[in-house]
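Residue numbers (the working numbering): -11 to 360.
Cβ coordinates follow ideal geometry from the N, Cα and C atoms, glycine included.
Just so it is clear, the structure is predicted and the values come from calculations on it, not from any experiment.
Some notes on the structure that comes next.
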Ligand SMILES: CC(C)(COP(=O)(O)OP(=O)(O)OC[C@H]1O[C@@H](n2cnc3c(N)ncnc32)[C@H](O)[C@@H]1OP(=O)(O)O)[C@@H](O)C(=O)NCCC(=O)NCCS
């Protein structure tokens, strides 16, 4: 994982070269790295900004309250605070890279201090860090599909353009049936393991295989290993690894996990609602990101996610999917997932301009990604 940016205090970039913004920008906004002691204030600000945006009363029940969003600071490469000269926290943002694929969110500005260039200051520094320090070659975010404000903000401050719709998909997970007499199932070539259950020496090897799988099946340079490590090390949920054995038994000269379990054909980071600081609401298992080699491996991965949700007592399984990934979307629909939310992806380079093979938003890429 790349190191966090050095502690720095940068004068606002919000108004730089932008006379219209300068007229309304606060006298001075500093952008600096988020610290552990900022987490509680950042969390409160995120919740209040989204409550305000959604028109919810301060005491109305709200699912975002139950996630500690600032906990992303503990593993993502970028977390920033916008601060007034008197030390008041005005806004915050969290961002990271999955290999060469950058993303950010949540971004939030104190409702009483909006419309004054605070978000633009945070975004300017975030884009610089993602590109120049952390090597992001393309950046994608998920935002409100219907909000002119958000579309303009991301277009004008970051050069991100509207792309594909993205659905939050949800499937009800029935409780396990009482033990019943059943005919023994045919032997399956698939085995699902958890990253944390591998021998220490095999974990690094598994993460290298995840990186290779991402590059082969989705996008060269993509690496979701950071999310897999985070769910296990920070106890957000589980990192699932799906292996497929070849039809013929492996030769006696095979070595390590690969020889025992077969080829790694899918990997997923799934949050569990019961886990402290996870991003899943209570009772929900939420697949944040996953990649599979092909349709068969994706089907096996969906089954493994459902099995995990059931084993944790979750009633719902959620996962985000870009509609550009038609084959994966169709597979999820066929497996019983329903649409429970709609957002839009905005990206740079723009979706229509990405060279063939230079984006993971393609028809036959079997990938789940939820950028909430
Ligand atoms: C979205 C949010 C972060 C913006 O913060 P902010 O500090 O008010 O934004 P800024 O003042 O820096 O940027 C204003 C820009 O937004 C855009 N904008 C604002 N209001 C707009 C409107 N009514 N129509 C079109 N564009 C609008 C413009 O691009 C404007 O810049 P410009 O005037 O130079 O073009 C803030 O409103 C917020 O916290 N909302 C709730 C949480 C949220 O929605 N987070 C993002 C989820 S993806």
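Asked	Found
Since residue 311 and residue 142 are thought to touch, with beta carbons under 8 angstroms apart, how far apart are those beta carbons, to the nearest angstrom?	Actually they do not touch by this definition, with Cβ atoms about 19 angstroms apart.
How many Å lie between residue 254 and residue 290 at the Cα?	10 angstroms
Taking just the CA atoms, how far does residue 75 sit from residue 197?	45 angstroms
My understanding is that residue 131 touches residue 332, with C-beta atoms under 8 angstroms, so please give their C-beta distance in whole angstroms.	6 angstroms
Along the chain, where does the beta strand (DSSP E) containing residue 90 start, and where does it finish?	89 to 97
Less than 7 angstroms separating the Cβ of residue 140 from some heavy atom of ligand 1?	yes
Is it true that the segment 270 to 279 meets the segment 112 to 129, where meeting means three or more beta-carbon pairs spaced less than 8 angstroms apart?	no
Give me whichever residues DSSP pairs with residue 179 in a beta bridge.	231
Decide if residue 235 is buried, meaning its Cβ has at least 16 other Cβ atoms within 10 Å, or exposed.	exposed
Do you know whose CA, among 264, 275, 338, 261, lies nearest residue 151's CA?	338
So residue 185 and residue 199 are in contact, right, with Cβ under 8 angstroms, and what is the actual spacing, rounded?	Incorrect: roughly 20 angstroms between the Cβ atoms, too far for contact.
Using a Cβ distance threshold of 8 angstroms, determine whether the segment 52 to 69 contacts the segment 172 to 184, with at least three qualifying pairs required.	no
From residue 370 to residue 87, what distance separates their C-alpha atoms?	Residue 370 cannot be examined here, being either before or after the span of the chain that is shown, -11 to 360.
When you measure from the CB of residue 95 to every non-hydrogen atom of ligand 1, does any distance come out below 7 angstroms?	yes
Classify residue 36 as helix, strand or coil using the three-state DSSP reduction.	helix
Could you tell me whether any non-hydrogen atom of ligand 1 is closer than 7 angstroms to the CB of residue 43?	no
Answer with buried or exposed for residue 112, where buried requires no fewer than 16 other C-beta atoms within 10 angstroms of its C-beta.	buried
Report yes if the CB atom of residue 340 is closer than 8 angstroms to the CB atom of residue 302, and no otherwise.	no
For residue 217, is the classification buried or exposed, using 16 other Cβ atoms within 10 angstroms of its Cβ as the cut-off for buried?	buried
Would you mind giving the Cβ-Cβ distance between residue 82 and residue 64, rounded to the nearest angstrom? I have them listed as a contact below 8 angstroms.	5 angstroms
How big is the Cα-Cα spacing for residue 16 and residue 73?	7 angstroms
Are residue 336 and residue 148 closer than 8 angstroms when you measure CB to CB?	yes
Whole angstroms is fine: what's the gap from residue 307's alpha carbon to residue 117's?	28 angstroms
Can you determine whether any heavy atom of ligand 1 sits closer than 7 angstroms to the C-beta of residue 105, and answer yes or no?	yes
If I follow the unbroken beta strand (DSSP E) through residue 275, where does it start and stop?	272 to 280
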